[in-house]
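J.: Here it is: the structure, laid out below.
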Amino acid sequence: MALRTPVITGNWKMNTDIESGLELARGILEGSDAASGVEKIVCPPFVALAAVSELLRGSSIQVGAQNVSANENGAFTGEISATMLSGLAAYVIVGHSERRALYSETSGDVAAKTAVAVSAGLKPILCVGEALEIRQAGNAGAFVADQLESSLAGYSAWDSLIVAYEPVWAIGTGEAATTEQAQEMTSVCRGVIRKLAADAADSVRVLYGGSVNSGNIAELLEQPDIDGALVGGASLKADEFSKLIVAAGSA
Ligand code: PEP
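At position 234 of the sequence shown the residue is numbered 230 (our numbering), and the sequence of numbers has no breaks.
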């Protein structure tokens, strides 16, 4: 089996401005720079992306964007294209559940965004996850498998892909999935990748996201199909996020 380096990604969502984003990035760099054996990514809001990217250039922390337009350029007021991002970010989050739920993004939209991101040289962090009603109805596995397969329609850049399984009911609630649930569903995601591209299945990183913190990351990383975490709330505190990264590096 391919050795997969764990990756910890912080999604700052609609938090921080340029100054506070720089302060947070400096704090995370200071607190986690010495941690090895773990890839580190922060995803600031667009307004802070250039400044944070400049600050972290050449450091141990890489930068990602939180969203990208599915269109290449043109009359799309308020949108940000993949080529605009390509000098500022190495990664881009696509299909986060907040975008799917609040901005009606479909898996078709996610597939289009993923394609445009890859053609501009960005690496997608593709999010999938079920709502509570779907889990309670016993359909989590089938739902997530279908969501991931549809979001990967036409995809071929397997070396660039990171998948994040994020159950909607665990995001921002303080109630993380159990390690068993997280393992079961990341394994479902890996099964989809195996079906689409058998050779890539052992090398694509699959993350868990949903109320991850410095106290639960080590146990999550012990699971065979969990290769890191996508972190919201805990990535906004430099000390806590640094502790989480350090814990992941030594897990
Ligand atoms: C997220 O928004 O991707 C997330 C996982 O948030 P939190 O860590 O706050 O649950």
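Beta carbons are placed, not taken as given, at the ideal position from N, Cα and C, and that holds for glycine.
Are the CB atoms of histidine 246 and serine 28 nearer to each other than 8 Å?
T.: Reading off the sequence, residue 246 comes out as serine, not histidine. No, the pair does not count as a contact, with Cβ atoms beyond the cut-off.
J.: What is the rounded straight-line gap between the Cα of glutamate 171 and the Cα of serine 207?
T.: Approximately 6 Å, taken between the alpha carbons.
J.: Just to check, is the beta-carbon of isoleucine 167 closer than 7 Å to a non-hydrogen atom of ligand 1?
T.: Indeed, a heavy atom of ligand 1 lies less than 7 Å from the Cβ.
J.: State buried or exposed for glutamine 58, treating a residue as buried only when at least 16 other CB atoms are found within 10 Å of its CB.
T.: Flag for glutamine 58 reads buried.
J.: Is it buried or exposed for valine 90, if we count other Cβ within 10 angstroms and need 16 for buried?
T.: By the neighbour-count rule (16 or more Cβ atoms within 10 Å), valine 90 is buried.
J.: Label glutamate 50 either buried or exposed according to how many other C-beta atoms from any shown protein chain fall within 10 Å of its C-beta, with 16 as the threshold for buried.
T.: By the 10 Å Cβ count, glutamate 50 comes out exposed.
J.: State buried or exposed for threonine 174, treating a residue as buried only when at least 16 other CB atoms are found within 10 Å of its CB.
T.: Threonine 174 should be labelled exposed.
J.: Quick check: the Cα distance between threonine 169 and serine 183, rounded to an integer number of angstroms?
T.: Going by the C-alpha atoms only, they are around 23 Å apart.
J.: Between the Cα of threonine 102 and the Cα atoms of Ala46, Val48, Ala149, which residue gives the shortest distance?
T.: The shortest Cα separation from threonine 102 among Ala46, Val48, Ala149 belongs to Ala149.
J.: For glutamate 68, I'd like the list of residues in its chain whose CB is within less than 8 Å of its CB, leaving aside the five on either flank, ordered along the chain.
T.: Closer than 8 Å at the Cβ level, and outside the excluded window around glutamate 68, lie Ser77, Ala78, Thr79, Val112.
J.: Is it true that the CB of isoleucine 158 sits closer than 8 Å to the CB of arginine 201?
T.: Taking 8 Å as the Cβ cut-off, arginine 201 and isoleucine 158 qualify as a contacting pair.
J.: State yes or no: is the C-beta of glutamate 162 nearer than 7 Å to some heavy atom of ligand 1?
T.: The answer is yes for glutamate 162.
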